[in-house]
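One structure is given below, encoded as structure tokens.
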Amino acid sequence: MKAKDILKQLITKKISVKEVTQKYLENINKKNSILNAFITVFDEDFINEQVEKAQEMINKGNLTPVVGLPIAVKDNINLKGYPTTCASKILSNYVSPYNATVVEKLMYSGAIIVGKTNLDEFAMGSSNENSYYGVVRNPLNLEWVSGGSSGGSAVAVSADMVPLSLGSDTGGSIRLPAAFTGIYGLKPTYGMVSRFGLVAYASSLDQIGPMGKDPQDLALIMQVIAGYDPKDSTSYRDITIDFINENFEPNFELDSLKGLKIGVPFKIINDEGVDKIIRDCLNEFINTLANNEIEIIEIDFPYLSYSIPAYYIIASSEASSNLARYDGIRYGLRIEHFQDKLIEDTRTLMKITRGQGFGLEVKRRIMIGTFCLSSGYYDAYYKKAQQVRTLIKQDFQKIFNKVDLIIMPTSPTLPFKIGEKINDPIKMYLSDIYTVGVNLSGLPSLNIPIKYQDFYVGVQLIGNYFKEKFLLNVANLINLL
Ligand code: GLN
């Protein structure tokens, strides 16, 4: 069931919070050993406490857009008293001392947070194969990757283990797994949702966002998690959060797509590097739009080919700095003995702890980032990448002077097989070619699943700043075509 339908039944007391929660927990129990979507499923006591609180809220008529809805949270978002592992060995024994703002808001609103989901270690990856806790399998085909890095959150929704989940998106990590598992995933505008309590990967790019099975479901949860937070200096002060109205229905302004101007990069859509199924699906989809009196405008991204190098330089540089804090002293794992001897100096302790605590991909990023930031190379790499970032941002703004939104593929390929790209980082990084530009520019973007032949194809809707409600509105109308 969709979150909006469950909410209706809960509010009208056709079902109880307990019944809903139990159904989903049963599914988790049944499926998690195969899919590996959750790293932690919370204990009965903690879940019951939330269930009772939500039911009491409903009984008293104290209603919210997420009251009684089971929700899963990516395991790089802190929830007090429970582990936040970031799917890394280095944080495997770390327990959060505080709640992330999004968690605080969801709990206050009576959501039922059932557990923490698997991810690529520190959110670095596109396939969810880089987890200390093992690969997340795709429920559409168990041999396929789920997409990453929010693979667990995507699979939890796709396999009906929860109706809604939270992921994080630094370069595509909400949209790509949403595309691979056939669901909706929204990367909000940078600054729209507080990042307080999200473990930092690349701070100028990271953003928390929701995943679900319907655009209206995402509107419900956005109403709760979006908005200014004094604890996050990058969150925006002056934005109206009006995703839904008093009746918990979406506040969508458009009732037809007629007359919209949609920018389509045909060069990308027809690129040989894009899987044929995706090309065919998008062309057919664009035709349908054109037949519905939507104006299709061809657009071009001159700097697109630079977005992957710029992104991987900036993200790795920020990561090398953010991950310096895992040193065996302040957080998580500490290796005190090496080859049966007590380690006596701090430097060695840090080295051995980091050497054993981080996985291969994280180490690769730290090395790339440290190199790019080192004196003598900074101007050639980091500064250049920032300049390219500005050009990419300008590309988008020029396009948004002409169109209302952009449509392009989320991923150049359909989900690939587990193991297929894991030894070829460049191939893996190319999965992000159509998603990272959005993060470099801070824009909002929504993956919508389109069923085509036997596959789900992920189509990306990109809007201008703070247009997430509009994107959800358009997605909702697309469903009615
Ligand atoms: N695949 C990208 C990376 O590895 C994006 C990750 C993300 O959005 N967290 O950096």
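Note that the sequence shown covers residues 30 to 510 in our numbering. All C-beta atoms in this analysis are idealised placements derived from N, C-alpha and C, irrespective of residue type, glycine included.
Can you tell which of Gly238, Ile273, Ile268 has its C-alpha closest to the C-alpha of glutamine 252? Ile273
With a threshold of 6 Å, establish whether the CB of glycine 180 neighbours any heavy atom of the ligand GLN. Incorrect: glycine 180 has no Cβ contact closer than 6 Å to the ligand GLN.
Given that a residue counts as buried once 16 or more other Cβ atoms are within 10 Å of its Cβ, and exposed if not, what is arginine 224? Label assigned to arginine 224: buried.
For the segment 354–367 against the segment 86–97, do three or more pairs of beta-carbon atoms, one drawn from each stretch, fall closer than 8 Å, so that the two count as touching? Proximity of the segment 354–367 to the segment 86–97 falls short of the contact definition, fewer than three beta-carbon pairs being nearer than 8 Å.
Does the pairing of the segment 165–172 with the segment 437–447 give three or more beta-carbon distances under 8 Å? yes
Could you give the residue range of the alpha helix (DSSP H) that holds tyrosine 137? 130–137
Validate contact between the segment 408–422 and the segment 376–390 using beta carbons, cut 8 Å, 3 pairs: no
List the endpoints of the continuous alpha helix (DSSP H) containing threonine 439. That residue, threonine 439, is in no alpha helix (DSSP H); it is neither H nor E in DSSP.
Beta-carbon spacing of serine 178, serine 202 below 7 Å: yes
Spatial neighbours of isoleucine 297 in its chain, beta-carbon cut-off 8 Å, leaving aside the 5 residues before and after: These residues qualify, in order along the chain: Val303, Phe330, Leu333, Met437, Pro438, Tyr463.
Opening and closing residue of the alpha helix (DSSP H) in which serine 264 lies: Premise fails: serine 264 is in no alpha helix (DSSP H) and is neither H nor E.
Excluding five sequence neighbours on each side, which residues of the same chain lie with their C-beta closer than 6 Å to the C-beta of glutamate 48? none
In DSSP terms, what asparagine 105 is bridged to: In the DSSP output, where bridge partners are listed per residue, asparagine 105 has none listed.
Host alpha helix (DSSP H) of phenylalanine 484 (start-end): Per DSSP, phenylalanine 484 belongs to no alpha helix (DSSP H); it is in the beta strand (DSSP E), 484–491.
Which residues bound the alpha helix (DSSP H) around methionine 240? Not the alpha helix (DSSP H): methionine 240 falls in the beta strand (DSSP E), residues 237–241.
Assuming contact is defined by CB atoms lying nearer than 7 Å, are serine 346 and glycine 398 in contact in what I supplied? Cβ distance < 7 Å, so serine 346 and glycine 398 count as in contact.
So does aspartate 453 have its beta carbon nearer than 6 Å to some heavy atom of the ligand GLN? no
Take every Cβ of the segment 283–293, pair it with every Cβ of the segment 414–432, and state whether three or more of those distances are shorter than 8 Å. yes
Specify, as a first and last residue, the run of the alpha helix (DSSP H) that tyrosine 219 falls within. Per DSSP, tyrosine 219 belongs to no alpha helix (DSSP H) and is neither H nor E.
Touch test, the segment 115–131 against the segment 270–289, Cβ-Cβ under 8 Å, three pairs minimum: With a cut-off of 8 Å, the segment 270–289 and the segment 115–131 do not count as touching, because too few Cβ pairs lie within range.
Helix, strand or coil: how does DSSP classify isoleucine 325 here? Strand at isoleucine 325.
Which listed residue (Glu313, Asp453, His366) has its alpha carbon closest to that of glutamine 482: Relative to the Cα of glutamine 482, the nearest Cα in the group Glu313, Asp453, His366 belongs to Glu313.
Counting Cβ pairs, one atom from each stretch, are 3 or more of them under 8 Å apart for the segment 130–138 and the segment 206–218? In this structure the segment 130–138 does not lie against the segment 206–218, because fewer than three pairs of beta carbons, one per stretch, are closer than 8 Å.
May I ask you to report which of helix, strand or coil DSSP gives serine 346? If DSSP states are grouped into helix, strand and coil, serine 346 belongs with the helices.
How about threonine 69 and glycine 144: do their beta carbons lie closer than 7 Å? yes
Can you confirm whether the segment 106–123 touches the segment 53–64 when touching is taken to mean that 3 or more C-beta pairs between the two stretches lie within less than 8 Å? no
Given a threshold of 16 other Cβ atoms within 10 Å of its Cβ, counted over all protein chains shown, does glutamate 85 qualify as buried or as exposed? exposed
Collapsed DSSP secondary structure at alanine 183 in the structure displayed: In the structure shown, alanine 183 sits in a helix (DSSP, three-state: H, G or I).
With 16 other Cβ atoms within 10 Å as the buried cut-off, status of alanine 353: exposed
Buried or exposed for threonine 375, going by 16 or more other Cβ atoms inside 10 Å? exposed
Confirm, please, whether the CB-CB distance from lysine 422 to serine 474 is below 7 Å. no
Between which two residues does the beta strand (DSSP E) carrying isoleucine 479 extend? 474–481
Euclidean distance between Cα positions of aspartate 408 and leucine 402: 8 Å
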